[in-house]
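Numbering (my numbering), first residue to last: 1354 to 1573.
Just so you know, even glycine gets a beta-carbon here, dropped at the ideal spot from N, CA and C.
Being a predicted model, the structure only gives us computed values, none of them experimental.
To start, the structure itself, in structure tokens.
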């Protein structure tokens, strides 16, 4: 019996050792476990160096387009000075009497100089400086190209005074409210005319109200 007991004990010890976790083996596997893009085979490449220029980000894409053609729509800037000269807007402004009417309402160069620190205090000048691309390519074309039609209207409103701007604000807001109330839709599109028109009418109403308020404050 003794030899049999010793044999069973030896077998049990061997089986336990076989299924017991090996500390050395586990540590060795843990130390070599690394996540690599090349799967540890040394086949990885620098993605930034091997991909085309147009896939390296917005700035790289703009430079790539410029190399192909300098006259491209992506980087083109609206030439404000050239269009003002071509449309002869300075002379049109003088002929409409806008400058003299502004001065009559109390807005002269001295007042403008006093307003500049106030605009900077509220961050408006910094906001304009940080959004030059948007102002030059979106706002400037609307103002410059529409100036020949807007100047006579602005001159007439300045002749009347702040009341004209308040009336314009009320008219724009009232028209947008009417479009919503009647459920008017844009022809062939089916979109709400109030929502689409509001993109123009609401900013126009706000600007008109602000202009009227500013003129009224200058006259005090």
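Cβ pair residue i, residue j closer than 9 angstroms
i	j	result
residue 1571	residue 1460	yes
residue 1517	residue 1440	no
residue 1467	residue 1511	no
residue 1509	residue 1458	no
residue 1433	residue 1481	no
residue 1489	residue 1414	no
residue 1567	residue 1519	no
residue 1472	residue 1478	yes
residue 1449	residue 1507	yes
residue 1551	residue 1529	yes
Reduced DSSP category for residue i - H, G, I as helix; E, B as strand; rest coil
i	result
residue 1422	coil
residue 1382	Per-residue confidence for residue 1382 stands at a pLDDT of 45, beneath the threshold of 50, marking its modelled position as unreliable; the derived number appears in the next sentence. Three-state result, residue 1382: helix.
residue 1458	coil
residue 1489	helix
residue 1465	helix
residue 1374	With a pLDDT of only 47 at residue 1374, under 50, the local geometry of the prediction cannot be trusted, and no value is derived from it.
residue 1415	helix
residue 1451	helix
residue 1524	helix
Best match in the options for proximity to residue i [C-alpha to C-alpha]
i	options	result
residue 1505	1439, 1492, 1444 and 1554	1444
residue 1497	1471, 1553, 1435 and 1464	1435
residue 1554	1442, 1463, 1531 and 1541	1531
Cβ-based neighbour list, residue i, same chain, cut-off 6 angstroms, excluding 5 preceding and 5 following
i	result
residue 1558	1522, 1525 and 1526
residue 1442	1500
Limits of the unbroken alpha helix (DSSP H) element including residue i
i	result
residue 1483	1477-1483
residue 1508	1493-1513
residue 1438	1433-1440
residue 1570	1546-1572
residue 1538	Per DSSP, residue 1538 belongs to no alpha helix (DSSP H) and is neither H nor E.
Neighbourhood of residue i by C-beta distance below 7 angstroms, restricted to the same chain and skipping five residues each side
i	result
residue 1569	1515
residue 1539	1546 and 1549
residue 1446	1452 and 1504
Contacts around residue i, its chain only, beta-carbon distance under 8 angstroms, and the 5 residues preceding and following it disregarded
i	result
residue 1475	none
Test: residue i CB closer than 9 angstroms to a CB of chain B
i	result
residue 1445	Among the chains of the structure shown, chain B does not appear; only one protein chain is present.
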